[in-house]
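Residue numbering for the sequence shown follows our numbering, beginning at 3 and increasing consecutively.
Glycine included, every Cβ here is placed at the ideal spot set by N, Cα and C.
For reference, the structure discussed in these notes is given below.
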Amino acid sequence: MPEPLVPLVLRSQAKLERLLKRGVDFRAELQFYTFWPEGLATLLQAGYEADGSTMWSALESGSYAAVKLLHHTGNLDPEQCINMLASCPDSDARGIVIQELAERQKKLWGIAMTHLPPETVLQLKVRPDTLLGYKAAQVRALLEENGIETGDVGWRQGRLIYEAARLNLELADQFWDIGFRDVDDMDDQGMTALMKLRTSLDYYTSAPHDILGMAAWLIGKGADTGLCPMTYDFSALHFLGAALGSSMASRIHSKSRLPSSYDAVVHSIILNDSHDSCCCHCSAGGCTPLVAFLRGLDTNRDIHYIKEKAIAFMADMFASLSSKSPETFERKVVPQVLRYITFRALGLTDTCAHPKSEDWQIPEFPPFDPEEAREIHEEERDSIQELECLVRDFVSDYQRLSLPFETFLREHWCVRMHEVLSKKKTLSEEEKNQIREIGVVLESESEDCSDSEAEDCLYKC
Ligand SMILES: [Zn+2]
Ligand SMILES: [Zn+2]
Numbered sequence: 003m004p005e006p007l008v009p010l011v012l013r014s015q016a017k018l019e020r021l022l023k024r025g026v027d028f029r030a031e032l033q034f035y036t037f038w039p040e041g042l043a044t045l046l047q048a049g050y051e052a053d054g055s056t057m058w059s060a061l062e063s064g065s066y067a068a069v070k071l072l073h074h075t076g077n078l079d080p081e082q083c084i085n086m087l088a089s090c091p092d093s094d095a096r097g098i099v100i101q102e103l104a105e106r107q108k109k110l111w112g113i114a115m116t117h118l119p120p121e122t123v124l125q126l127k128v129r130p131d132t133l134l135g136y137k138a139a140q141v142r143a144l145l146e147e148n149g150i151e152t153g154d155v156g157w158r159q160g161r162l163i164y165e166a167a168r169l170n171l172e173l174a175d176q177f178w179d180i181g182f183r184d185v186d187d188m189d190d191q192g193m194t195a196l197m198k199l200r201t202s203l204d205y206y207t208s209a210p211h212d213i214l215g216m217a218a219w220l221i222g223k224g225a226d227t228g229l230c231p232m233t234y235d236f237s238a239l240h241f242l243g244a245a246l247g248s249s250m251a252s253r254i255h256s257k258s259r260l261p262s263s264y265d266a267v268v269h270s271i272i273l274n275d276s277h278d279s280c281c282c283h284c285s286a287g288g289c290t291p292l293v294a295f296l297r298g299l300d301t302n303r304d305i306h307y308i309k310e311k312a313i314a315f316m317a318d319m320f321a322s323l324s325s326k327s328p329e330t331f332e333r334k335v336v337p338q339v340l341r342y343i344t345f346r347a348l349g350l351t352d353t354c355a356h357p358k359s360e361d362w363q364i365p366e367f368p369p370f371d372p373e374e375a376r377e378i379h380e381e382e383r384d385s386i387q388e389l390e391c392l393v394r395d396f397v398s399d400y401q402r403l404s405l406p407f408e409t410f411l412r413e414h415w416c417v418r419m420h421e422v423l424s425k426k427k428t429l430s431e432e433e434k435n436q437i438r439e440i441g442v443v444l445e446s447e448s449e450d451c452s453d454s455e456a457e458d459c460l461y462k463c
């Protein structure tokens, strides 16, 4: 074992002081002393200087007494430490890093205001009421380009403060209280912290109500739910719906219900009218945040998954609205849900333009080609007609049967879809085409819709 580590292992002040007297060099081992704050204090008093990575190591090892000691050395690198704050349970230790961060951002902005031309400062569009967030890296780069010394302040890479808060509300409060007031701060792709909640999700420790908690916090502080990223028209509420759906689907064993304290956020997701520009029959006229939620629930698996799992998640999500405002629920929610799950159960091709991967990152590929979408719709014309007829029937059956929605889905929708699917199984599309070619009208096509009715209910892109 290297000699400088011996006092640490033995936790011996006497040994440490003896080695110091003998002139043993502790620089390379300093960061390990974060595990033993008393020893670290002795080394700091003896003149050793901690660097940013020593603070990082103290936070990482959960040695918060060491964090507090290192604070006084002034050698703290908040950029390096910020990712660990959300998992740090010691609010004083978090406060030290945040204080340092705030001071550096103030200093950086002070240098920018003093040295950059006023028109350059104006172009940065920094709000006067908030500390620098994501733009700190841009400001630092501008100063360096202009040959202005920034010293240690400012970040090399942009960071969204409230993305770093992840789902930790106490940490979010600390950021807010010290002066980070721009909850709609955006990254280079126009993504805000609210849009990025999905990527803040830790499957093993967070639950749907953690996502709702942080969403409610951000919205309460003024986050704009209608903002969209630069490349496509999917609003923050769409992202939130998707995050909530995914979170529910990933916690399939959880029996906990959504707390009623989040009703307002839940209702804003399921009742929001903003449609994106998708050209796809899974929604009527573009996806809403509700459709994004249904997609997040992973309802694209198959009818068995919908029956066994997804219906219960939906019932949880819709419980409050369907009991408080049954008419609004019937008018705005029921048709969208019936369309989406029927579309999925029929196995139609999804021609939505937004990312379909499960983390909802901004796509690197161009949006779905509208021409290709039209070709697919033409190929699947018969199944799309069938979808339109089924949706129309389901909506009127729901009104007629007056069953609770969950019961309706289990006892009516599932049964009917099983019938439809087992009929379809017996005849492939190719076989159907061969039958039609000889002039026979198939029973399922003549059942409910005349051709002209089916044309009417077809959604046109
Ligand atoms: Zn869409
Ligand atoms: Zn779609």
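The beta carbon of Glu408 sits closer than 7 Å to those of Ile313 and Ala317, all from its chain and outside the five residues before and after it, given in chain order.
Not a single heavy atom of ligand 1 lies less than 7 Å from the C-beta of His379.
Ser14 sits in coil when the DSSP states are folded into three classes, being neither helix nor strand.
In the DSSP assignment, Val185 falls outside any alpha helix (DSSP H), carrying neither H nor E. Pairing Tyr35 with Ala60, the inter-Cα distance amounts to about 9 Å. Remark: the C-beta of Ala375 is outside contact range of ligand 1, defined as less than 7 Å to any heavy atom. A Cβ-Cβ separation of about 5 Å places Ile84 in contact with Ala166 under the 8 Å criterion. In terms of Cβ geometry, Asp235 and Asp278 form a close pair [threshold 8 Å]. Taking 3 residues as the minimum length, the region 189–268 contains no beta strand (DSSP E) run wholly inside it.
Relative to the non-hydrogen atoms of ligand 2, the Cβ of Thr344 never comes closer than 7 Å to any of them. Our two residues, Glu439 and Glu421, have alpha carbons roughly 25 Å apart in a direct line.
By the neighbour-count definition (other C-beta atoms within 10 Å, threshold 16), Gln159 is an exposed residue.
By the neighbour-count definition (other C-beta atoms within 10 Å, threshold 16), Val336 is a buried residue. The three-state secondary structure of Thr36, taken from DSSP, is helix.
Between Ala104 and Gly181, the C-beta gap is smaller than 8 Å, which places the two residues in contact. Around the beta carbon of Met197, 16 or more other beta carbons sit within 10 angstroms, so the residue counts as buried. With distances taken between CA atoms, Ala225 lies nearest to Asp187 out of Leu214, Asp187, Ser248 and Arg394. Counted as a single uninterrupted DSSP element, the alpha helix (DSSP H) harbouring Asp395 occupies residues Arg383 to Leu403. The set of residues with CB atoms less than 5 Å from any heavy atom of ligand 2 reads, in chain order, Cys282, Cys284, Asp352 and Cys354.
Taken atom to atom, the span from the alpha-carbon of Trp415 to that of Phe396 is near 7 Å. Distances from the CA of Asp175 to each of Lys137, Gly215 and Glu40 were compared; the closest alpha carbon is that of Gly215.
Fewer than three pairs of CB atoms, one per stretch, sit closer than 8 Å, so the region 107–120 makes no contact with the region 65–77. Rounded to whole angstroms, the gap between the alpha carbons of Leu389 and Leu350 is 9 Å.
About 29 Å separates the beta carbon of Val267 from that of Ala347, a gap too long to meet the 8 Å contact definition. Looking at Asp371, Thr132 and Ser262, the one whose alpha-carbon comes closest to that of Ala355 is Asp371. DSSP places Ser93 in the helix class (H, G or I) of the three-state scheme. With a cutoff of 8 Å on beta-carbon distance, Leu173 and Arg96 are scored as near each other. Here Ala195 is buried: its Cβ has 16 or more other Cβ atoms, across all protein chains shown, within 10 Å.
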